[in-house]
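Note sheet for the following structure.
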Amino acid sequence: MFDTLLSLLTPSQIVFAFAVTLVAGFVKGATGFAMPMIMISGLGSILAPETALAGIIVSTVLLNLWQSLRGGVAEAIAAARLYRLYIVALLVFIVLSAQLVVVLPQSVVFLSLGLIIVGLAAYLLIGRALRISEGHRSFYDLGLGALSGLIGGISGIWGPLTIAYLTAADTPKKQQIKITGVIFGTGSLTLLFAHLRSGVLNPQTLTLSGTLFLPALVGMALGQRVQDRLDQQKFKRATLIVLLLAGANLIRRGLV
């Protein structure tokens, strides 16, 4: 296994990848979001974009499945039914856009990832949200679900737009936590199968992705332990500023 890792990364890069993943897991545990954005930004600075994307998938799948099933299967099914249009659109466009990762030039993928991360981080920093009425829910479910899937298939990131949408729809807190887990869980599973098909996930990259699950899990556990001691709004703001810088670095790589 270590030989496989060394075929993708130098020893110093392995340490860096573990550190990035540990931090990403910690942020997810402490704030509930941003793990894929931090991982794809950090790993994308040392790896080809499709390899960086592969690196986040196992951690994303396992941690999100745990989150979605935490309250029980029945609650997860009820939440999925309520947002079924959003979920269907998300999953369809993840599958479609995932095939673009191995076709697009690396510079285009880096630039796209950087713009996505900067755009989403800036949007969340501004803190503005559209108010969505119940009468227009179906339209937004399909439209924003498709946009989330388009972004997610290419970058592995669909959480921030999902959270922004649920907030705009005035989703009650308890329900939002549950549906977020379901959307993240089903989306990450679809991403896994889509990239097994696209070739992004292969024996080499699966080894990398599986190895990175351990620091992600440790980081998440540590983040959950200190969650109650943190001023989460300030912590989220600091995280988003870091993401802006990381996204800007990816844009730089795409333009070079």
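Counted the way this note's numbering counts, the sequence shown spans residues 28 to 283. All residues carry an ideal CB built from backbone N, CA and C; glycine is no exception. Here the structure is a predicted model, which means the values were calculated and not measured.
- In the DSSP assignment, residue 102 falls within the alpha helix (DSSP H) that extends over 100 to 109.
- Assignment of residue 258 by DSSP, reduced to helix, strand and coil, places it in the coil class.
- At the C-beta level, residue 228 and residue 81 come within 7 Å of one another.
- The beta carbon of residue 249 lies closer than 6 Å to those of 53 in the same chain, with the five residues before and after it left out.
- Secondary structure note for residue 195: its alpha helix (DSSP H) is the uninterrupted segment 186 to 195.
- Following the DSSP letters along the chain, one finds residue 64 inside the alpha helix (DSSP H) bounded by residues 62 to 70.
- Looking only at 183, 209, 239 and 189, the smallest Cα-Cα distance to residue 99 is reached by 209.
- Sorting 195, 190, 230 and 224 by C-alpha distance to the C-alpha of residue 211 places 190 at the top.
- In this structure, the beta-carbon distance from residue 31 to residue 234 falls below 7 Å.
- Look at the beta carbons and you see the region 173 to 185 touching the region 116 to 123: at least three pairs across the two are nearer than 8 Å.
- Taking the Cα of residue 89 as reference, the smallest distance to any Cα among 220, 148 and 215 is reached at 215.
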